[in-house]
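Novice: Quick one: the structure is below, and I'll ask about it shortly.
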Amino acid sequence: EDQVTQSPEALRLQEGESSSLNCSYTVSGLRGLFWYRQDPGKGPEFLFTLYSAGEEKEKERLKATLTKKESFLHITAPKPEDSATYLCAVQIRSNDYKLSFGAGTTVTVRA
Amino acid sequence: NAGVTQTPKFRILKIGQSMTLQCTQDMNHNYMYWYRQDPGMGLKLIYYSVGAGITDKGEVPNGYNVSRSTTEDFPLRLELAAPSQTSVYFCASTLDREVIYEQYFGPGTRLTVT
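Heads up: the sequence lines are chains A and B, in that order. Residue numbering for the first sequence is 1 to 111, as defined by this note's numbering. Residue numbering for the second sequence is 112 to 225, as defined by this note's numbering.
So this is what it looks like as structure tokens:
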């Protein structure tokens, strides 16, 4: 069965303390891997799409990377405004109408 | 461009009551989706639609119904509400599966069934 697992569940960081979030997936054929940010009480907001192993995408302090079995979201020198839940989702070839989401990693950055 | 809008934002239902969650998008997107999000769980797909007049079940469709009479609107109907339907509901849309496939989400409806 296709599965998306995110770790850790929660991450508490000091401002400026860089770290990484993990998204591991077991799917029969990956069409795309997506990262979303979700603020409390709001809908998810799209961050990145990665299509093939070795691909990297960057946006401000965030950098997403992809291997054949997992993706990492690196947060460099985070600020309090980076506090949010980060969701990973995969789009698989055989069911390309839908995304399978992980449970998310909640990041808290303290000033 | 308002994007994806949902109403209501909050609702409390009694067991056995029915209601419709409204979803509208103004981006002329073909695909629309309904998800539910429970604490500590990922988003679960309830129903989706690939265009007006076409709908299909997702992972957790029991207890829900949908219709898609126009490109813009995709209402979700709850019949005979149950406590297990207490959740946050998100509507999403995307333009075309052949292009970049990011989904655009609405702000959500928080539903409590007591």
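A virtual CB, placed ideally from N, CA and C, is assigned to each residue, including glycine.
1) Starting from B/L222, find everything on chain A with Cβ-Cβ shorter than 8 Å and list it in chain order.
2) Could you have a look at A/D93 and say whether DSSP puts it in helix, strand or coil?
3) Kindly say whether B/Y159, judged by its beta-carbon, lies nearer than 8 Å to any beta-carbon of chain A.
4) Can you pull the DSSP bridge partners for A/F34?
5) Would you call the stretch 145-163 of chain B in contact with the stretch 90-104 of chain A, where contact means no fewer than 3 C-beta pairs closer than 8 Å?
6) Do the CB positions of B/G169 and B/R179 come within less than 8 Å of each other?
7) Whose C-beta lies closer than 6 Å to the C-beta of A/F48 among residues of the same chain, with five residues either side of it excluded?
8) Report yes or no: do the stretch 72-92 of chain A and the stretch 130-138 of chain B share at least 3 C-beta pairs separated by less than 8 Å?
9) Listed in chain order, which residues of the stretch 91-106 of chain A have Cβ atoms closer than 9 Å to some Cβ of chain B?
10) With distance defined between alpha-carbon atoms, name the residue in A/A111, A/T105, A/R110 nearest to A/P4.
11) Residues of chain B with CB under 7 Å from A/G43, in chain order?
12) In terms of residue numbering, what span does the beta strand (DSSP E) encompassing A/T106 cover?
13) Consider the Cβ of A/T108: report whether some Cβ of chain B lies at a distance smaller than 8 Å.
14) Could you tell me whether any Cβ in chain A is nearer than 8 Å to the Cβ of B/Y142?
15) For A/F46, go through chain B and note every residue whose CB falls closer than 8 Å to its CB, in chain order.
16) For B/Y158 and B/V177, what's the separation of their Cα atoms in angstroms?
17) Between B/G169 and chain A, is the shortest Cβ-Cβ distance under 8 Å, so that the two count as touching?
18) Run down chain A in chain order and give the residues with a C-beta less than 7 Å from the C-beta of B/M152.
19) For B/N173, which option in B/F201, B/F185, B/Q196, B/G162 has the closest C-alpha, if you only look at C-alpha atoms?
20) List the residues of chain A that B/L156 touches, going by C-beta distances under 7 Å, in chain order.
21) For A/Q3, which beta-bridge partners are listed by DSSP?
22) Given that a residue counts as buried once 16 or more other Cβ atoms are within 10 Å of its Cβ, and exposed if not, what is B/F201?
23) Would you report the Cα separation of B/R122 and A/K68, rounded to the nearest angstrom?
24) I'd like the list of long-range same chain contacts for B/A193, defined as Cβ closer than 7 Å, with 5 residues on each side in sequence excluded.
Specialist: Reading off the structure:
1) The contacting residues do not exist; B/L222 stays about 14 Å from chain A at best.
2) Per the sequence shown, the amino acid found at residue 93 of chain A is Arg instead of Asp. Helix.
3) yes
4) A/T49, A/A89
5) By the Cβ test, the stretch 145-163 of chain B is in contact with the stretch 90-104 of chain A, since at least three Cβ pairs between them sit closer than 8 Å.
6) no
7) W35, K57, A64
8) no
9) Q91, D96, Y97, K98, L99, S100, F101, G102, A103, G104
10) At residue 4 of chain A the sequence reads Val, which differs from the Pro that was named. Of the listed residues, the one whose Cα sits closest to A/V4 is A/T105.
11) F201, F216, G217, P218, G219
12) 105-110
13) no
14) yes
15) E213, Q214, Y215
16) 7 Å
17) yes
18) Residues of chain A with a Cβ closer than 7 Å to the Cβ of B/M152 are, in chain order, A103.
19) Nearest neighbour of B/N173 by Cα position, chosen from B/F201, B/F185, B/Q196, B/G162, turns out to be B/Q196.
20) K98
21) According to DSSP, which records beta bridges pairwise, A/Q3 is partnered with A/T26.
22) buried
23) Our two residues, B/R122 and A/K68, have alpha carbons roughly 42 Å apart in a direct line.
24) I126, G174, V224
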